[in-house]
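Have a look at the structure below, then the notes.
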Amino acid sequence: MKVEMIETFIFQPEIIFAVLTDIPHHVDWMEYPIELTSLNNGPARLGTTWEQNADRLGKKLILLNTCNLYEKNRKFGWRTEKPFLAQVTFLLEPERDGTRLTWMFESEESAIVQLAEPLLNRQTNEMIRKSLTRLRAYLRTAL
């Protein structure tokens with residue numbers, strides 16, 4: 008499954024990058040994680056690992072993430088190893104009055120989960136859309 012959304016923000020890339028890489032505060036604006044349970048080698052950089060409790064389709068999941076993409080003020084991402092394989096990538100591109108943010112989510116679903124892919128795709132789209140709205144509000148209030 009692959010989901011991609013693009014949003015333009017009035018903030019410069021370095022401001023958005025700082026928020027994206029502030030892992031303890033993901034729960035303040037992301038729709039998906041509900042609690043950070045561990046963070047190793049923080050702040051975020053290549054190799055940083057963290058564990059989060061999340062809610063997906065009404066089911067509590069424990070996610071184990073590792074930062075595998077880090078280009079300051081340009082690209083940030085992580086690979087989720089547990090309970091399923093997924094890649095989250097944020098690309099930041101400066102624009103005249105702000106930043107174009109591309110949020111990509113790719114996952115490798117097992118055979119049984121593939122049956123629910125249309126539902127998971129809709130839920131992931133909704134989660135990213137809500138998170139982008141919350142990110143916009145968080146940027147306005149936190150800065």
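Going by the numbering used here, the first residue of the sequence shown is number 8, and it counts up by one from there. C-beta atoms are modelled at their ideal positions from N, C-alpha and C, and glycine is treated no differently. Since this is a predicted model, take the numbers as computed values, not measurements.
Q. If you run the structure through DSSP and keep just helix, strand and coil, what is E38?
A. Translated into the one-based positions of the sequence shown, residue 38 becomes position 31. Coil at E38, not helix or strand.
Q. Among the residues of its own chain, which have a CB less than 8 Å from the CB of D62, if the five just before and after it don't count?
A. Numbered from 1 along the sequence shown, position 55 holds the residue referred to as residue 62. The answer, listed in chain order, is Y39, I41 and L68.
Q) Grouping DSSP H, G and I as helix and E and B as strand, with all else coil, what is W8? A) Within the sequence shown, residue 8 is the residue found at index 1, counting from 1. This sequence places Met at residue 8; Trp is not what is there. Looking at M8 - three-state DSSP - the assignment turns out to be coil, as it is neither helix nor strand.
Q) Exposed or buried, which one is A51 when buried takes at least 16 other CB atoms within 10 Å? A) Against the sequence shown, residue 51 aligns to sequence position 44. It counts as buried.
Q.
Tell me whether the stretch 127–136 and the stretch 26–36 touch, counting them as touching only if at least three CB pairs, one residue from each stretch, are closer than 8 Å.
A. With the cut-off at 8 Å, the stretch 127–136 and the stretch 26–36 do not touch.
Q: Report the residue from G105, L70 and E11 whose alpha carbon sits nearest the alpha carbon of L146.
A: Mapped onto the sequence shown, residue 146 falls at position 139. The candidate whose alpha carbon is nearest that of L146 is G105.
Q: Could you tell me if N48 is buried or exposed, where buried requires 16 or more neighbouring beta carbons within 10 angstroms of its beta carbon?
A: By one-based count along the sequence shown, residue 48 stands at place 41. It counts as exposed.
Q. Excluding five sequence neighbours on each side, which residues of the same chain lie with their C-beta closer than 6 Å to the C-beta of H33?
A. The residue given as residue 33 occupies position 26 in the sequence shown. P40, listed in sequence order.
Q) Would you report the Cα separation of E58 and E88, rounded to the nearest angstrom? A) One-based indexing of the sequence shown puts residue 58 at position 51. One-based indexing of the sequence shown puts residue 88 at position 81. Roughly 10 Å separates the two Cα atoms.
Q | Other residues of its chain near A93: CB distance less than 6 Å, five sequence neighbours each side excluded | A | Taking the sequence shown and counting its residues from 1, the one referred to as residue 93 is at position 86. Excluding positions up to five away in sequence, the list reads T87 and S114.
Q. Buried or exposed: where does L126 fall if 16 or more other Cβ atoms within 10 Å of its Cβ makes it buried?
A. Along the sequence shown, read from residue 1 onward, the residue named residue 126 stands at position 119. Exposed, by the Cβ-count rule.
Q) Hey, quick one: how far does the alpha helix (DSSP H) through I17 stretch, first residue to last? A) By one-based count along the sequence shown, residue 17 stands at place 10. Careful: I17 lies outside any alpha helix (DSSP H) and carries neither H nor E.
Q | C-alpha gap between L70 and K137, whole angstroms | A | Position 63 of the sequence shown, counted from the start, is the residue given in the question as residue 70. Position 130 of the sequence shown, counted from the start, is the residue given in the question as residue 137. Each residue's CA atom was taken as its position, placing L70 and K137 some 20 Å apart.
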